[in-house]
Amino acid sequence: MTNDGGKLLRHRTVFDHWKSLSIGIYMALVGYAVMTGLPVLSSSWVEHLGLSDIQVGRVAGADLGGFALGALIAALFVAKIDRRYMAVAAAILTIVLNAVCIFYESYEATILLRFAAGIGSGIFTGVAIATIAGHSKPAFAFSLEIFFFAGMQGLEIKFLPYLSLEGIYISFIIAYVISLLFISWLPRHPVDKSLDVVVDAEETDERHHSEHKHVPAYVPWLVLTAIVVTYIGIGAYWTYIELSTVGSDASPEWVASMLWVSSVFSVIGCLFAVLLSNKYGLARPLFVTLILQAAIVVMLVFGITNLTVALSMFLFNFFWIFIDVYQDSTIANVDHSGRFPAMIPAAQGLGNFLGPNIAASVLAFGFGYDGVFIMCGIASIAAMFIYLYMYLMLKKTIPALADTS
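Counting in the numbering used here, the sequence shown runs from 6 upward without gaps.
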């Protein structure tokens with residue numbers, strides 16, 4: 006709701022059906038499995054493959070860089086090609102490459118295979134996010150997805166450490182196989198391919214009429230840019246948060262338990278994100294969230310203890326949920342073709358590719374984990390300024406979109 010009385014109008018489609026939303030959410034959880042399990046995977050690569058801290062950053066960056074490329078491929082074709090065919094092809098590709106990773110364990114082979122597997126999971130996730138974004142209430146749909154996402158993250162971080170690296174790859178394979186059993190629930194094509202919104206405009210005599218307003222292309226592109234910047238910090242944080250505590254005052258057992266306990270705390274973030282969005286819109290809570298996220302990451306520079314690690318992980322997970330709900334919903338509000346929503350995983354993957362690699366370079370230059378955490382904080386603040394610019398521009402052109410929930 007805006008000062009001029011206008012609000013966005015949305016209409017129900019096939020994407021509102023529970024089967025469509027369910028398969029979209031499940032596919033998203035499967036596609037994001039590597040991203041959410043990154044802290045465990047990073048430690049597993051060190052333990053089972055003997056990779057160094059710097060090599061872990063390169064492998065994680067390759068996997069998520071492939072993920073970004075795959076999502077970009079999905080964005081190019083998701084409005085043109087049958088989405089079921091795309092999802093099946095991507096799933097088969099990812100299954101095969103995860104299986105091959107079991108037999109080739111050198112650093113050189115691992116980095117190439119994880120990049121290729123990332124492409125498959127990126128295409129798969131791009132289709133999933135485009136499906137969720139088709140819902141007439143995107144903030145609700147993405148909050149529901151992230152609710153389950155938080156639970157899955159907790160389960161991954163809790164139980165994956167009990168598996169060998171081979172067991173982790175096999176669990177990924179099984180998850181993709183299950184998705185193929187319900188692929189008929191996936192809508193084949195989008196219902197709308199235009200980049201515009203419908204606004205319920207109020208006239209001076211209190212009568213209402215609908216207006217179609219074209220959304221400038223810079224809006225989704227700015228959001229995607231901000232997602233990249235945000236995920237530079239997120240990717241670096243999750244790649245090195247556990248490794249950064251080695252040799253610190255924090256207990257390894259405590260850190261391991263906080264990784265999964267704090268991830269479940271994200272569920273609370275979903276509820277608060279929706280409640281605040283309904284009252285204040287998407288943009289303004291996002292500004293505050295990004296500033297707070299930067300603060301709780303930089304806090305670790307002043308000492309890593311059981312208390313600071315727990316506080317950092319809990320709040321990071323809480324704010325991460327806010328950011329994702331608001332970012333994803335903003336794009337879904339303006340594009341119903343699925344092209345820009347499919348690029349959300351690409352932007353996340355690109356940020357997660359750059360983040361671990363930048364962090365690895367920070368370590369290589371001798372700035373230590375303090376430098377990594379400062380870099381993460383800078384990324385959050387930079388994203389906040391991008392969103393602020395977009396918000397100010399929309400207030401001049403489409404205020405209903407600027408303050409939409």
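Here a beta-carbon is modelled for each residue, glycine too, at the ideal position from N, C-alpha and C.
If we ignore side chains and look at the alpha-carbon of each, how far apart do Ile-5 and Lys-85 end up?
Given that the chain is displayed from residue 6 to residue 410, the structure contains no residue 5 and the question cannot be resolved.
With C-beta atoms as the reference, is Val-314 less than 9 Å away from Thr-250?
Contact: yes.
Which two residues bound the contiguous alpha helix (DSSP H) that contains Trp-50?
From DSSP, the alpha helix (DSSP H) with Trp-50 extends over 43-54.
Figure out for me which residue from Arg-344, Ile-296 and Ile-349 has the closest Cα to the Cα of Phe-390.
The residue with the shortest Cα to Cα distance from Phe-390 is Ile-296.
Check the Cβ-Cβ distances between Ala-146 and every residue of chain D, and say whether any is below 9 Å.
In the structure shown, chain D cannot be found, because there is only a single protein chain.
Enumerated in chain order, which unbroken segments of the alpha helix (DSSP H) with a length of 4 residues or greater are wholly contained in the stretch 318-354?
As far as the stretch 318-354 is concerned, it has no whole alpha helix (DSSP H) run of at least 4 residues.
By alpha-carbon positions, which one of Ser-48, Pro-404 and Gly-66 ends up nearest to Ala-117?
Reading off the sequence shown, one finds Leu at residue 117, where the question assumed Ala. Nearest of Ser-48, Pro-404 and Gly-66 to Leu-117, Cα basis: Gly-66.
So, with DSSP's three-state summary, where would you put Leu-118?
Here Leu-118 sits in helix by DSSP.
So, for Ile-173: in the same chain, excluding its five sequence neighbours on each side, which residues have a beta-carbon less than 8 Å away from its beta-carbon?
Result list for Ile-173: Gly-42, Val-45, Leu-46, Ser-49 and Leu-165, in chain order.
Measuring alpha carbon to alpha carbon, tell me which residue in Glu-150, Ala-347 and Leu-305 is nearest Ile-78.
The residue with the shortest Cα to Cα distance from Ile-78 is Ala-347.
Within the chosen definition, does the stretch 21-37 reach the stretch 120-137 through at least 3 CB pairs nearer than 8 Å?
In short, these stretches touch, since the Cβ pair count reaches three.
When the Cα of Ser-141 is compared with those of Met-263, Thr-402, Asp-340 and Asp-21, which residue comes out closest?
When only C-alpha atoms are compared, the closest one is Asp-21.
Please list the segments of the alpha helix (DSSP H) lying wholly inside the stretch 94-138, counting only runs of 4 or more residues, in order along the chain.
The stretch 94-138 contains these whole alpha helix (DSSP H) runs: 112-138.
Of all the options Val-51, Leu-248 and Ser-282, which has the alpha carbon lying nearest to the alpha carbon of Ala-364?
Closest by alpha carbon: Leu-248.
Would Ala-76 and Val-330 qualify as a contact pair, given that the criterion is a beta-carbon distance under 9 Å?
Contact flag unset, no.
Using 9 Å as the threshold, is the C-beta distance between Ser-267 and Ile-309 below it?
Contact flag unset, no.
Between which two residues does the alpha helix (DSSP H) carrying Tyr-374 extend?
That run of the alpha helix (DSSP H) goes 373-402.
Name the residue from Ile-328, Asp-340, Thr-294 and Ile-239 whose alpha carbon lies nearest to the alpha carbon of Gly-354.
Ranking Ile-328, Asp-340, Thr-294 and Ile-239 by Cα distance to Gly-354 puts Ile-239 first.
Which residues bound the alpha helix (DSSP H) around Phe-153?
Note, Phe-153: alpha helix (DSSP H), 143-164.
Using the Cα positions of Glu-258 and Trp-265, report the straight-line distance between them to the nearest angstrom.
In a straight line, the C-alpha of Glu-258 is about 12 Å away from that of Trp-265.
Between Ala-95 and the rest of its own chain, which residues show a CB-CB distance below 6 Å, the 5 nearest in sequence each way excluded?
Hits under 6 Å: Gly-125, Ile-128 and Phe-129.
Under the rule that 16 or more other beta-carbon atoms within 10 Å means buried, what is Tyr-2, buried or exposed?
Absent from the model: residue 2. The displayed extent of the chain is 6 to 410, so no value can be given.
Near Glu-110, what residues of its chain come up, given a Cβ to Cβ distance below 7 Å and the 5 sequence neighbours on each side ignored?
Here the set comprises Leu-54.
What is the residue span of the alpha helix (DSSP H) that Lys-24 lies within?
23-36 is the extent of the alpha helix (DSSP H) around Lys-24.
Suppose you measure from the CA of Lys-24 to the CA of Leu-191; what does that come to, to the nearest Å?
If you take the alpha carbons of Lys-24 and Leu-191, they lie about 8 Å apart.
Can you check whether the CB of Phe-147 is closer than 9 Å to the CB of Ser-334?
Yes.
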